[in-house]
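K.L.:
Heads up, the sequence shown is in my numbering, so the first residue is 150 and it goes up one at a time.
For every residue, glycine included, the Cβ atom is placed at its ideal position computed from N, Cα and C.
Small disclaimer: the values here were computed from a predicted structure and weren't measured.
Next up is a structure, given as structure tokens.
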Amino acid sequence: MGGDHTSTYKDVVFGATGTKPEPVVLVAHAPSIAAGADRLAIGDSIVIGRDKDSDLAIRDANTSRNHLSITSYRRGCKIQDLGSKNGTYLNGKLIKKAVKLPDRAIIRAGNTILVFLSDGGDILSFRETENFGIAGRFHAAVLARKLLEGTMSGRSLLLAGPSGTGKELAAHAFAEITGKKLVVQNAARFSSEEEAAATLFGVGQKVFSNVDARPGYIEKADKGVLFLDEAHNLPKRVQKSLLRVIEDRELAHIGETQTTPVDVRFLFASNEPAPSFSLERDLLARLRVVAIPPLSERPADIPSIFDHVLTKALERTGSPAGPVLLLLTASHYESLMLDGFKEDNVRGLMDIADRIATRIASGTEPSEAIFEIFSERYKSEYPSFDRTPDGETGKVTEEIRRPASVTEDIYMIVEDAYRNHAGNVSAIERHLRDNGIHYSRRRISGIMDELNLPRVRKG
Numbered sequence: 150m151g152g153d154h155t156s157t158y159k160d161v162v163f164g165a166t167g168t169k170p171e172p173v174v175l176v177a178h179a180p181s182i183a184a185g186a187d188r189l190a191i192g193d194s195i196v197i198g199r200d201k202d203s204d205l206a207i208r209d210a211n212t213s214r215n216h217l218s219i220t221s222y223r224r225g226c227k228i229q230d231l232g233s234k235n236g237t238y239l240n241g242k243l244i245k246k247a248v249k250l251p252d253r254a255i256i257r258a259g260n261t262i263l264v265f266l267s268d269g270g271d272i273l274s275f276r277e278t279e280n281f282g283i284a285g286r287f288h289a290a291v292l293a294r295k296l297l298e299g300t301m302s303g304r305s306l307l308l309a310g311p312s313g314t315g316k317e318l319a320a321h322a323f324a325e326i327t328g329k330k331l332v333v334q335n336a337a338r339f340s341s342e343e344e345a346a347a348t349l350f351g352v353g354q355k356v357f358s359n360v361d362a363r364p365g366y367i368e369k370a371d372k373g374v375l376f377l378d379e380a381h382n383l384p385k386r387v388q389k390s391l392l393r394v395i396e397d398r399e400l401a402h403i404g405e406t407q408t409t410p411v412d413v414r415f416l417f418a419s420n421e422p423a424p425s426f427s428l429e430r431d432l433l434a435r436l437r438v439v440a441i442p443p444l445s446e447r448p449a450d451i452p453s454i455f456d457h458v459l460t461k462a463l464e465r466t467g468s469p470a471g472p473v474l475l476l477l478t479a480s481h482y483e484s485l486m487l488d489g490f491k492e493d494n495v496r497g498l499m500d501i502a503d504r505i506a507t508r509i510a511s512g513t514e515p516s517e518a519i520f521e522i523f524s525e526r527y528k529s530e531y532p533s534f535d536r537t538p539d540g541e542t543g544k545v546t547e548e549i550r551r552p553a554s555v556t557e558d559i560y561m562i563v564e565d566a567y568r569n570h571a572g573n574v575s576a577i578e579r580h581l582r583d584n585g586i587h588y589s590r591r592r593i594s595g596i597m598d599e600l601n602l603p604r605v606r607k608g
């Protein structure tokens, strides 16, 4: 296996190529940014701000023209506030001098949230890779690329990662990439070795009294993909039998000696730690490991994943997603990112989304539902909700109650509407009103001026 199984989750997913680390900054959330400008290699030094000539230009009225700088030095990168009006926050704390950036640092400048990665070269390289339904604006493309490479290898795979990271979603993506059907079975549900063997391999004629012959899941997955979730729960003898199927591409039912050829790609999943993942050594040695990193290792993906799961939750309960998403502010996203969800991973985001959606469905106003659910989870723990001038954390405030009419994302919404309606202010006003945002034409024109969008005159 070339040592793959001894790698950590991060090494397996993000390359560990031995090349020089490439520090990058990612724009996890911003009112508006230029197309394709949501990630940038730091190089020697970059300046981030509202000035169009900044290395990373952010259209954010609460960000100063030259807000902050990030500079490389021998042992990493340093961040420094450049005298900005609203300050620069690092992992929730106001910085007052140049400080070293830790890996996956969360940076807030105005209503813009950035993430620093000490090595994000793969994210820069794989941005054009199709995601195959995997959520996450930055790391999804990297994972999809690893799955794509796995399909080309011809080997069976082990999807490794903590519970709740999306291993089954990755399995569906793998099946989509290969164009094959996917058969799913959770190995933790087997009550005994006999049940596991019979369910997977099938039962021959007259093996057990009062039990008819039946095919197993391997046979059902012929010419497709069999995903065995929580594979570390499989009895050792069953793992060894699966190894023979992988090597020989032949299957024998329980109680029979005759074999039949099968064409199955196996996907095993384990939430056990590296290097063994609690699998038999001989089986593991024949698998290609693709790790699914925990959410805490990809904080820049949290805003886009939360938008995705909240949209799904709202659709299930019959509520329109658009107006609700407009209520989310930088403070909400920063709190989610500072949380990190180390224990519950994506399931934690799904729980918050489900609580918001069901509370709205029960009759609570969307802005109130968001306020209540975030207040219940975070109380006064996260500084994004209330900051005093010295950066100390206070209690949750009315800041997170802001209605859609004052959301910082209005800049991006107006810019998109401008393009879709040929710059016609009346048409933009109607578009916003249809989405629950009641802005006057004068106010829309003011935003257009801030974005340097020329007004289109009738006639």
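#1: Kindly identify the DSSP beta-bridge partner or partners of Asn-335.
#2: Considering just the uninterrupted stretch of the alpha helix (DSSP H) at Val-387, what are its terminal residues?
#3: Taking the alpha-carbon positions, what's the Asn-240 to Leu-231 distance?
#4: Are at least three pairs of beta-carbons, each pair with one atom in the segment 419-428 and one in the segment 451-471, less than 8 Å apart?
#5: From Ala-370 to Gly-351, what does the alpha carbon distance come to, in whole angstroms?
#6: What are the partner residues of Lys-249, as DSSP defines its beta bridges?
#7: Using DSSP with H/G/I as helix, E/B as strand and the rest coil, what is Gly-255?
#8: Let me know if Ala-345 comes out buried or exposed under the rule of 16 or more other beta-carbons within 10 Å of its beta-carbon.
#9: Under the three-state reduction of DSSP, which class applies to Arg-363: helix, strand or coil?
#10: In terms of alpha-carbon separation, which member of Gly-315, Leu-474, Arg-223 lies closest to Leu-292?
#11: How far does the beta strand (DSSP E) with Val-413 in it reach, from first residue to last?
#12: Going by DSSP, what residues sit across from Leu-307 in a beta bridge?
#13: In chain order, what residues of the same chain lie with their CB nearer than 7 Å to the CB of Gly-608, ignoring the 5 residues before and after it?
#14: Spatial neighbours of Arg-214 within its chain, please: C-beta separation below 7 Å, excluding the five flanking residues on both sides.
#15: Cα-Cα, which of Lys-528, Gln-354, Ala-177 is closest to Arg-257?
#16: Please report how far the alpha carbon of Arg-590 lies from the alpha carbon of Leu-476, in whole angstroms.
#17: Taking only the alpha-carbon atoms, compute the straight-line gap between Val-174 and Gln-407 and give it to the nearest angstrom.
#18: Tell me the rounded alpha-carbon separation between Ile-549 and Ile-522.
#19: Per DSSP, which residues does Tyr-222 bridge with? Please list them.
#20: Hey, how far is the Cα of Pro-384 from the Cα of Gly-236?
#21: So what does DSSP say about Tyr-238, is it helix, strand or coil?
#22: Can you check whether the CB of Phe-455 is closer than 9 Å to the CB of Ile-501?
#23: Determine the burial state of Leu-487: buried for a count of at least 16 other Cβ atoms within 10 Å of its Cβ, exposed for fewer.
#24: Strictly by DSSP, which residues pair up with Thr-409?
#25: Quick check on the burial criterion: 16 or more other C-beta atoms within 10 angstroms. Buried or exposed for Arg-286?
#26: Where does Ser-194 sit, in a helix, a strand or coil, going by DSSP?
#27: Spatial neighbours of Asn-601 within its chain, please: C-beta separation below 6 Å, excluding the five flanking residues on both sides.
#28: Identify the residues that DSSP records as bridge partners of Val-176: which are they?
#29: Would you check if the distance between the CB atom of Ala-362 and the CB atom of Gln-354 is smaller than 9 Å?
#30: Distance check for Gly-512 and Leu-189, CA to CA, integer angstroms please.
#31: Skipping 5 residues on each side, what residues in its chain have a beta carbon closer than 6 Å to that of Arg-324?
#32: When we look at the beta-carbon of Met-301 and count the other beta-carbons within 10 Å, is it buried (16 or more) or exposed?
#33: Our contact map puts Lys-295 next to Lys-329 with C-beta atoms below 8 Å; I'd like the distance itself, whole angstroms only.
#34: With a floor of 3 residues, list each beta strand (DSSP E) that falls wholly inside the segment 443-529, ordered by position along the chain.
#35: So Ala-324 is in the alpha helix (DSSP H); what residue range does that whole segment cover?
#36: Flag this pair as yes or no: are the beta carbons of Arg-496 and Ser-274 separated by less than 9 Å?
P.N.:
In short, the structure shows the following:
#1: Asp-378
#2: 385-397
#3: 18 Å
#4: no
#5: 12 Å
#6: Lys-227
#7: At residue 255 the sequence reads Ile, which differs from the Gly that was named. Ile-255 falls in the strand class under three-state DSSP.
#8: buried
#9: strand
#10: Gly-315
#11: 413-419
#12: Phe-417, Val-438
#13: Annotation note: pLDDT 41 at Gly-608 (below 50); position unreliable, coordinate value reported separately. So the list is empty, once near-sequence residues are dropped.
#14: Gly-198, Arg-199, Asp-200
#15: Ala-177
#16: 21 Å
#17: 58 Å
#18: Summary for Ile-549: the model assigns pLDDT 37, below 50, so the residue's position carries little reliability; its value from the coordinates is reported in the next sentence. Whole-angstrom Cα-Cα distance: 11 Å.
#19: Gly-225
#20: 56 Å
#21: strand
#22: yes
#23: buried
#24: Leu-400
#25: buried
#26: strand
#27: none
#28: Leu-263
#29: yes
#30: 43 Å
#31: For the record, residue 324 in the displayed sequence is Ala; it is not Arg. Cβ neighbours of Ala-324 beyond the five flanking positions: Leu-331, Val-374.
#32: exposed
#33: About 18 Å; that fails the 8 Å criterion.
#34: none
#35: 316-327
#36: no
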